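Mapping of the sequence shown onto my numbering: residues 6 to 160, in sequence order.
No residue lacks a Cβ here, since even glycine has one placed at the ideal position from N, Cα and C.
All of these numbers come straight from a predicted model, not from anything done at the bench.
Here the structure is laid out as structure tokens; the discussion comes afterwards.
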Amino acid sequence: MDKSTPIVVGADHFGMPLKDVIRDYLTELGYTVVDMGVNEATPVDYPDVGAALAEEVGQGKYARGVLICGTGAGMAIVANKVPGVRAVCVNDPYTAERAVASNNAQIITMGSQITGAAVAKKLIDIWLESEFQGGRSAPKVAKIDALDEKYHTRQ
């Protein structure tokens with residue numbers, strides 16, 4: 006991924022320590038990082054942080070984002086509610102790579118109670134190196150986008 010492209014990160018109170026590790030790691034790698042919080046241990050509801058970050062990505066302000074909560078599952082659910090967003094919870098190298106290569110996901114989520122800092126950094130490396138491959142995956146992603154359009158335009 007081009008280092009001139011800013012990456013946005015966010016977390017709830019459970020994910021804050023791992024978010025800080027990822028933010029600092031991305032900065033060390035030379036990326037511009039926008040931290041949407043949280044930045045203190047006061048409990049917050051993960052849907053608030055997840056939706057705010059996903060909206061920024063869905064509107065095209067940021068190309069990629071990372072969300073952290075206790076499991077990563079809640080943040081993935083929230084982010085996927087935002088039109089135009091594809092988010093994947095990653096806990097292993099293969100999923101980190103395929104999230105982008107096959108699914109063209111803009112956001113990855115992780116669980117701070119599942120993924121340690123060293124593994125998280127490795128997953129970030131893989132995610133950053135991955136590019137959407139198109140090919141047989143392109144029509145599948147187009148179908149996902151069509152479903153997104155169909156269900157988000159209902160009144």
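Helix, strand or coil for residue i, going by three-state DSSP, please let me know.
i	result
residue 15	strand
residue 31	helix
residue 46	coil
residue 70	strand
residue 113	strand
residue 97	coil
residue 53	helix
Is the beta carbon of residue i less than 8 Å from the beta carbon of residue j?
i	j	result
residue 70	residue 116	no
residue 92	residue 112	yes
residue 106	residue 128	no
residue 13	residue 67	yes
residue 20	residue 75	yes
residue 30	residue 148	no
residue 88	residue 157	yes
Since residue i contacts residue j with CB under 8 Å, what's their CB separation in whole angstroms?
i	j	result
residue 26	residue 122	5 Å
Using the beta-carbon count (16 or more within 10 Å), is residue i buried or exposed?
i	result
residue 114	buried
residue 120	buried
residue 99	exposed
residue 65	exposed
residue 46	exposed
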